[in-house]
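Number of protein chains: 2
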Amino acid sequence: MPRPRSLTDDQLVAAALAVVDREGLAALTMRAVARELGVATMGLYRYVADRQALELLVVDHVFRSVDTSLPDGGWQERIRVLLDRMRVAVARHPAVVPLVLRHRQAAPASLRLIEAMLSVLTEGGLDGADRVVAQRTLVGHLLGFLQNEHFAPLSGPGTIVMSELSAADYPLLARTAADARSVPPDEEFRRGLDIVLRGLSAT
Amino acid sequence: MPRPRSLTDDQLVAAALAVVDREGLAALTMRAVARELGVATMGLYRYVADRQALELLVVDHVFRSVDTSLPDGGWQERIRVLLDRMRVAVARHPAVVPLVLRHRQAAPASLRLIEAMLSVLTEGGLDGADRVVAQRTLVGHLLGFLQNEHFAPLSGPGTIVMSELSAADYPLLARTAADARSVPPDEEFRRGLDIVLRGLSAT
DNA sequence: TCCTTAGGTGTACGAAGTACGCTTACGATC
DNA sequence: GATCGTAAGCGTACTTCGTACACCTAAGGA
Numbered sequence: 001m002p003r004p005r006s007l008t009d010d011q012l013v014a015a016a017l018a019v020v021d022r023e024g025l026a027a028l029t030m031r032a033v034a035r036e037l038g039v040a041t042m043g044l045y046r047y048v049a050d051r052q053a054l055e056l057l058v059v060d061h062v063f064r065s066v067d068t069s070l071p072d073g074g075w076q077e078r079i080r081v082l083l084d085r086m087r088v089a090v091a092r093h094p095a096v097v098p099l100v101l102r103h104r105q106a107a108p109a110s111l112r113l114i115e116a117m118l119s120v121l122t123e124g125g126l127d128g129a130d131r132v133v134a135q136r137t138l139v140g141h142l143l144g145f146l147q148n149e150h151f152a153p154l155s156g157p158g159t160i161v162m163s164e165l166s167a168a169d170y171p172l173l174a175r176t177a178a179d180a181r182s183v184p185p186d187e188e189f190r191r192g193l194d195i196v197l198r199g200l201s202a203t
Numbered sequence: 001m002p003r004p005r006s007l008t009d010d011q012l013v014a015a016a017l018a019v020v021d022r023e024g025l026a027a028l029t030m031r032a033v034a035r036e037l038g039v040a041t042m043g044l045y046r047y048v049a050d051r052q053a054l055e056l057l058v059v060d061h062v063f064r065s066v067d068t069s070l071p072d073g074g075w076q077e078r079i080r081v082l083l084d085r086m087r088v089a090v091a092r093h094p095a096v097v098p099l100v101l102r103h104r105q106a107a108p109a110s111l112r113l114i115e116a117m118l119s120v121l122t123e124g125g126l127d128g129a130d131r132v133v134a135q136r137t138l139v140g141h142l143l144g145f146l147q148n149e150h151f152a153p154l155s156g157p158g159t160i161v162m163s164e165l166s167a168a169d170y171p172l173l174a175r176t177a178a179d180a181r182s183v184p185p186d187e188e189f190r191r192g193l194d195i196v197l198r199g200l201s202a203t
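Protein chains in written order, with UniProt numbering: chain E, 1 to 203; chain G, 1 to 203.
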């Protein structure tokens with residue numbers, strides 16, 4: 001009976017991602033997304049309750065894009081692949097990292113991801129509080145990595161500044177920052193995750 | 001010759017923390033801090049370039065409050081204590097967690113913390129890229145934990161919602177969320193860090 | 001005493017989120 | 001095919017921020 005909707009959630013998300021990818025997270029405003037869709041600003045409020053709800057749609061979309069089918073290999077290898085898929089999915093839209101960090105717990109699609117990870121951890125023999133801690137540690141590790149990469153990439157200016165600090169004041173830091181510039185993000189992620197997985201495997 | 005300053009950085013930080021502790025991070029506005037100090041809003045701009053600089057002062061203060069003297073024990077134990085001191089320092093002002101995550105790389109006091117951690121890792125026999133990855137992994141772990149605790153505490157409503165999901169759709173998640181409610185933050189942090197430290201120790 | 005210089009203030013502007021009420025177009029019903 | 005109820009869509013306007021700018025003021029050395 002009533003007038004039908006003319007926009008889908010996917011269109012909203014696509015418009016938001018277009019704005020974010022092109023102009024950065026700070027440019028993600030209701031007005032900008034509306035303009036991207038060729039719609040009046042207030043028109044968006046027929047689809048989302050507020051700006052946070054729009055951000056949540058974006059984060060949920062990113063999570064939904066992650067393949068949760070279980071890969072081959074032992075449970076450590078499976079965890080490695082699942083987490084790497086998440087990392088890559090987020091990396092496709094680097095500017096949304098802060099949104100992922102803020103909204104992941106409210107994104108419905110994260111449930112599927114968590115369930116998949118838990119099934120692998122269970123296969124690895126974990127349950128009870130051990131499984132809780134393992135899951136939180138792995139997710140925390142991923143979030144921490146995204147945080148590190150986004151706000152303080154090893155290849156970024158912060159590392160250069162640190163590598164130029166006086167060796168008298170910060171002998172190890174200056175040296176280590178210099179070493180750090182040759183570690184690419186992929187390697188950092190792989191080796192960091194190896195550390196956590198070794199820790200999980202050792203009794 | 002000129003008129004002397006009437007405010008110190010410490011007073012600025014104290015006012016900002018008072019606002020944040022009392023009314024939350026969203027209430028941290030230039031106007032609110034100025035009011036807290038009994039000063040006109042624009043008066044703050046004689047002390048900080050902009051709002052970000054004020055936030056940075058707050059984060060730096062939190063980092064400066066961390067004792068970086070090296071504790072007794074083996075290197076793993078030393079790392080454990082150092083990271084726990086950081087966690088506790090941040091936990092004194094829970095609402096500033098997002099600020100810490102955003103500004104840590106720009107806070108001068110973080111240099112001292114990193115140097116201290118690197119000295120312990122070096123003592124543990126790490127150097128080169130291994131030391132880089134170890135450092136980043138430990139910091140990432142701390143950041144991920146703070147993120148988890150702040151936006152999705154195990155004792156929070158998200159966990160309850162997950163524990164009430166249909167066991168048909170999410171068998172492991174529902175079960176694990178129920179288990180999770182009995183894991184307090186201290187224990188979660190200790191056990192998570194143990195995993196990382198075990199991973200660092202194993203070859 | 002006065003003058004220099006930075007401290008301190010008030011006003012105002014632009015950007016953003018969003019409440020509110022009007023207008024409009026669809027499509028079910030007669 | 002005309003009508004009408006309902007939600008879609010829009011324009012306006014209010015509030016709250018950050019902060020640029022121009023002005024006034026007070027401290028303290030000359």
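By construction, the Cβ of each residue, glycine as well, lies at the ideal position given by its N, Cα and C atoms.
Below 6 Å CB to CB, which residues in the same chain sit around residue i once its five sequence neighbours on both sides are set aside?
i        : result
E/Ala126 : Note on identity: in this sequence residue 126 of chain E is Leu, with Ala being the wrong assignment. Closer than 6 Å at the Cβ level, and outside the excluded window around E/Leu126, lie Ala134.
G/Val183 : Leu154
E/Trp75  : Val120, Glu123, Gly124
G/Arg104 : Ser110
E/His141 : Val196
Which residue wins for smallest C-alpha separation from residue i, given the options the options?
i        : options                                : result
G/Leu143 : E/Leu28, E/Ala53, E/Pro98              : E/Pro98
G/Glu187 : E/Thr137, E/Met42, E/Glu115            : E/Thr137
G/Val139 : G/Asp84, G/His150, G/Ala91             : G/Asp84
G/Leu82  : G/Gly199, G/Arg198, G/Arg190           : G/Arg190
E/Leu37  : E/Asp10, E/Glu77, E/Asp50              : E/Asp10
G/Leu56  : G/Gly74, G/Leu28, G/Val39, G/Val120    : G/Leu28
G/Pro171 : E/Met1, E/Ala89, E/Leu101, E/Leu111    : E/Leu111
G/Pro4   : G/Val62, G/Tyr47, G/Asp67, G/Thr68     : G/Tyr47
E/Gly146 : E/Ser163, E/Ala89, E/Val58, E/Thr41    : Here residue 146 of chain E is Leu; the residue named in the question, Gly, does not match the sequence. The candidate whose alpha carbon is nearest that of E/Leu146 is E/Ala89.
E/Asp67  : E/Ile114, E/His93, E/Asp21, E/Asp50    : E/Ile114
E/Ala91  : E/Met117, E/Glu149, E/Arg35            : E/Glu149
E/Phe151 : E/Pro185, E/Arg35, E/Gly128            : E/Pro185
E/Val62  : E/Met30, E/Thr41, E/His93, E/Asp21     : E/His93
G/Met162 : E/Pro157, E/Val132, E/Val161, E/Glu164 : E/Val132
E/Asp194 : G/Met86, G/Pro2, G/Asp130, G/Glu23     : G/Asp130
E/Gly192 : E/Pro2, E/Arg87, E/Ser6, E/Asp72       : E/Arg87
By Cβ distance, which residues of its chain are closer than 8 Å to residue i, with the 5 residues on each side in sequence left out?
i        : result
E/Val33  : Leu12, Ala15, Ala16, Val19, Leu44, Leu54
G/Ala167 : Ala174, Arg175
E/Leu25  : Ala95, Val96, Pro98, Leu99
G/Leu197 : Gln76, Ile79, Arg80
E/Leu101 : Leu143, Leu146, Gln147
E/Ala116 : Thr68, Leu70, Leu82
G/Ala40  : Ala34
E/Asp21  : His93, Ala95
Between which residues of its own chain and residue i is the CB-CB distance below 7 Å, once the five residues before and five after are set aside?
i                      : result
E/Thr159               : Ala177, Ala180, Arg181
G/Tyr64                : What sits at residue 64 of chain G in the sequence shown is Arg, not Tyr. Closer than 7 Å at Cβ, skipping near neighbours: Ala109.
E/Asp60                : Ala107, Pro108, Ala109
E/Leu200               : Ala134
G/Met30                : Thr41, Leu44, Arg51
E/Thr8                 : none
residue 274 of chain G : In this structure chain G extends from 1 to 203, so residue 274 of chain G is not present and cannot be described.
Problem - Residues of the segment 15–28 of chain G whose Cβ lies closer than 7 Å to any Cβ of chain E, in chain order - result: Within the segment 15–28 of chain G, no residue has its Cβ closer than 7 Å to any Cβ of chain E.
Problem - Entirely enclosed alpha helix (DSSP H) segments - the segment 145–202 of chain G, minimum 4 residues - result: As far as the segment 145–202 of chain G is concerned, its whole alpha helix (DSSP H) runs of at least 4 residues are 157–163, 171–180, 185–201.
Problem - Contacting positions in the segment 103–122 of chain G - beta carbon closer than 7 Å to chain E - result: The segment 103–122 of chain G vs chain E, Cβ under 7 Å: Gln105, Leu111, Ile114, Glu115, Leu118, Ser119, Thr122.
Practice task
Could I get the ranges of all uninterrupted beta strand (DSSP E) runs contained in the segment 88–150 of chain G, with 3 residues as the minimum, in chain order?
Solution key: Fully enclosed beta strand (DSSP E) runs of 3 or longer: not present.
Exercise for the section: Could you name the residues of the segment 49–76 of chain E whose beta carbon sits closer than 7 Å to any beta carbon of chain G, in the order they occur along the chain? Expected result: The segment 49–76 of chain E vs chain G, Cβ under 7 Å: nothing.
Problem - Cβ-based contacts, 8 Å cut-off: residues of the segment 137–161 of chain E near chain G - result: Residues Thr137, Val139, Gly140, His141, Leu142, Leu143, Gly144, Phe145, Gln147, Asn148, Phe151, Ala152, Leu154, Gly158.
Exercise for the section: Could I get the ranges of all uninterrupted alpha helix (DSSP H) runs contained in the UniProt domain "HTH tetR-type" (6–66) of chain G, with 4 residues as the minimum, in chain order? Expected result: Taken in chain order, the unbroken stretches of alpha helix (DSSP H) that lie wholly in the UniProt domain "HTH tetR-type" (6–66) of chain G and span 4 residues or more are 9–23, 30–37, 51–64.
Problem - Near-chain E residues of the segment 78–103 of chain G - C-beta to any C-beta below 7 Å - result: So the close ones are Leu101, Arg102.
Practice task
Could you name the residues of the segment 161–173 of chain G whose beta carbon sits closer than 9 Å to any beta carbon of chain E, in the order they occur along the chain?
Solution key: Of all residues in the segment 161–173 of chain G, Met162, Leu165, Asp169, Tyr170, Pro171, Leu172, Leu173 have a Cβ within less than 9 Å of some Cβ in chain E.
Practice task
Quick one: which residues of the UniProt DNA-binding region "H-T-H motif" (29–48) of chain G get their C-beta closer than 9 Å to a C-beta of chain E? List them in chain order.
Solution key: Per Cβ criterion, the list is empty.
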